[in-house]
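Residue numbers (the UniProt record's numbering), protein chains in the order written: chain A, 1 to 124; chain B, 1 to 124. Every residue gets a Cβ at the ideal spot worked out from N, C-alpha and C, and that includes glycine. Everything on this sheet refers to the single structure shown next.
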DNA sequence: CTAAAAGCTCACATCAATGTCAGGGGCAAG
DNA sequence: CTTGCCCCTGACATTGATGTGAGCTTTTAG
């Protein structure tokens with residue numbers, strides 16, 4: 001599969017896929033002429049990267065968490081675990097923040113409804 | 001209360017507070033010499049803005065949602081309601097994305113634990 | 001009164017992911 | 001062979017909130 005196919009299957013632009021590779025988030029084998037080739041499993045890999053990016057992680061953080069290219073070893077695994085639990089906490093906190101913002105928004109919506117109801121009753 | 005006090009009470013930098021004002025998210029009364037002065041209620045206002053910004057809303061969106069300076073009128077209220085429900089949906093979706101990313105992270109964490117356990121058992 | 005601390009405006013810098021354009025190959029079908 | 005489509009690298013642009021610094025004025029504390 002070439003980069004255009006992977007792009008079509010994941011929704012990530014070709015530009016983004018090259019960027020992911022540049023950041024160490026994705027690997028590719030190259031044809032003799034230099035074109036990138038991917039396997040089916042890379043589709044899942046890109047989806048994971050997309051999910052983490054959409055969750056507000058930086059590419060550097062994702063690279064630290066997911067040993068995609070480097071040989072896994074114990075020290076690296078322990079360090080990755082540390083980063084993962086830190087990021088997990090950050091995600092939980094972000095979820096809480098979003099929920100709080102949604103609550104605040106619900107209050108505003110209610111206020112606005114009340115305003116409109118009053119406005120209609122008072123005779124516009 | 002001057003800008004430094006408001007900054008201390010909200011954690012927003014002076015720069016950010018001026019930026020919020022520039023974007024129409026915050027109002028201030030000015031002393032004859034031009035210094036900004038705030039009331040206690042503005043602390044809450046800044047906290048709301050911070051919550052929405054932290055939730056990934058743009059300042060433009062926040063401005064559209066929260067009629068902070070303009071006279072409220074019916075049309076404006078209806079339009080704000082529309083934007084608010086759109087943003088509420090966006091927030092809910094973002095929460096889902098974050099939860100999905102956290103699940104993916106949990107899987108990685110488990111994989112990593114399994115790897116370390118196996119590594120310890122095999123004799124490092 | 002004087003010096004430090006805080007404010008003001010304006011302008012430029014930053015970061016990160018992505019868009020976009022330019023200039024140049026590679027490969028398949030007519 | 002040539003036309004068309006996909007790919008390559010490299011560079012510059014963008015967006016939005018915030019940092020930072022300069023140059024100057026106001027307020028406050030000693």
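Can you have a look at residue i and say buried or exposed, based on whether 16 or more other CB atoms are within 10 angstroms of its CB?
i                      : result
residue 42 of chain A  : buried
residue 110 of chain B : exposed
residue 36 of chain B  : buried
residue 8 of chain B   : exposed
residue 28 of chain B  : buried
residue 80 of chain A  : buried
residue 78 of chain B  : exposed
Can you tell me the Cα-Cα spacing of residue i and residue j, whole angstroms?
i                      : j                      : result
residue 23 of chain B  : residue 55 of chain A  : 26 Å
residue 52 of chain A  : residue 2 of chain B   : 40 Å
residue 124 of chain A : residue 67 of chain B  : Here the model assigns residue 124 of chain A a pLDDT of 47, short of 50, so the residue's position is not dependable, and the following value carries that caveat. For residue 124 of chain A and residue 67 of chain B, the distance between alpha carbons rounds to 19 Å.
residue 102 of chain B : residue 10 of chain A  : 20 Å
residue 93 of chain A  : residue 96 of chain B  : 14 Å
residue 12 of chain B  : residue 61 of chain B  : 19 Å
residue 31 of chain B  : residue 113 of chain A : 36 Å
residue 16 of chain A  : residue 58 of chain B  : 23 Å
residue 34 of chain A  : residue 19 of chain A  : 16 Å
residue 14 of chain B  : residue 72 of chain A  : 46 Å
residue 118 of chain A : residue 4 of chain B   : 39 Å
residue 122 of chain B : residue 76 of chain A  : 17 Å
Figure out for me which residue from the options has the closest Cα to the Cα of residue i.
i                     : options                    : result
residue 6 of chain B  : B:39, B:89, B:117          : B:39
residue 49 of chain B : B:72, B:121, B:21          : B:21
residue 45 of chain B : B:25, B:121, B:78          : B:25
residue 47 of chain A : B:119, B:100, B:118, B:120 : B:100
What whole-angstrom Cβ distance do residue i and residue j have, given they're in contact under 8 Å?
i                      : j                      : result
residue 116 of chain B : residue 74 of chain A  : 7 Å
residue 84 of chain B  : residue 108 of chain A : 6 Å
residue 82 of chain A  : residue 105 of chain B : So it is not a contact: roughly 13 Å between Cβ atoms.
Check your understanding: What runs of the alpha helix (DSSP H), each 4 residues or longer, lie entirely inside the UniProt domain "HTH merR-type" (1–68) of chain B?
Key -> Counting only runs of 4 or more, we get 3–10, 14–22, 41–54, 59–65.
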